[in-house]
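Visitor:
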Ligand code: HEM
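Numbering (our numbering), first residue to last: 16 to 156.
(1) Could you please give the first and the last residue of the uninterrupted alpha helix (DSSP H) stretch that includes residue 105?
(2) Please state the DSSP three-state secondary structure of residue 34.
(3) Have a look at 42, 106, 80 and flag the residue whose alpha-carbon is nearest the alpha-carbon of residue 57.
(4) Closer than 8 Å: is that where the CB of residue 53 sits relative to any heavy atom of the ligand HEM?
(5) Is it buried or exposed for residue 130, if we count other Cβ within 10 angstroms and need 16 for buried?
(6) Quick one: grab the DSSP three-state call for residue 79.
(7) Using the C-alpha atoms, what's the distance from residue 45 back to residue 85?
(8) Sort 138, 146, 105, 61 by Cα distance to residue 26 and report the nearest one.
(9) Using a 10 Å radius around the Cβ and a threshold of 16 neighbouring Cβ atoms, would you call residue 54 buried or exposed?
(10) Measure from the alpha carbon of residue 89 to the alpha carbon of each residue in 139, 31, 43, 126, then state which is nearest.
(11) So, for residue 96: in the same chain, excluding its five sequence neighbours on each side, which residues have a beta-carbon less than 8 Å away from its beta-carbon?
(12) Comparing C-alpha positions only, which one of 62, 66, 35 sits nearest to residue 51?
See below:
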């Protein structure tokens with residue numbers, strides 16, 4: 016399909032094509048149907064599937080594709096993305112979830128100290144009583 020075929024798709028429409036039998040993604044606001052390219056992609060089909068239904072612009076650039084790859088894009092072009100349909104926080108192929116529990120180490124260690132502190136106090140108290148009663152019984156001898 017040529018780039019002059021100006022069919023418009025919504026972002027959500029592309030996101031529905033996210034399987035190995037129907038794999039589309041977006042590169043620079045253009046939709047590509049790479050279903051028939053999965054087995055032939057030099058970088059592997061899996062990496063394309065990871066980007067299925069998403070905006071793969073960053074990943075495509077990060078892979079350092081040469082001019083041959085850029086020319087091949089035209090073969091898989093299916094249309095433009097209507098920019099008004101792109102959600103504010105679009106799911107890009109590089110989107111990473113934020114860590115669920117930041118500062119996990121710090122929180123855990125202080126909670127651990129808080130847990131064992133009373134125990135340490137009791138052990139100290141018992142040892143103190145034991146020591147003082149022991150020394151007094153010694154002095155009795
Ligand atoms: C229609 C879209 C795409 C086409 C036509 C395409 C084409 C190609 C071609 C021809 C190569 C060989 C190297 C080169 O000539 O640059 C390649 C390599 C590669 N591609 Fe793609 N690619 C596409 C999409 C993607 C996407 C979306 C990703 C990542 C999510 C990706 C990841 C890679 C990687 C990692 C390599 C390097 C493989 C290696 O060097 O071992 N490609 N691609």
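Every residue, glycine too, gets a C-beta built ideally from N, C-alpha and C.
Guide: Taking the coordinates as given:
(1) Premise fails: residue 105 is in no alpha helix (DSSP H) and is neither H nor E.
(2) strand
(3) 80
(4) no
(5) So residue 130 counts as exposed.
(6) coil
(7) 13 Å
(8) 105
(9) exposed
(10) 43
(11) Closer than 8 Å at the Cβ level, and outside the excluded window around residue 96, lie 23, 24, 25, 26, 29, 41, 44, 45, 46.
(12) 35
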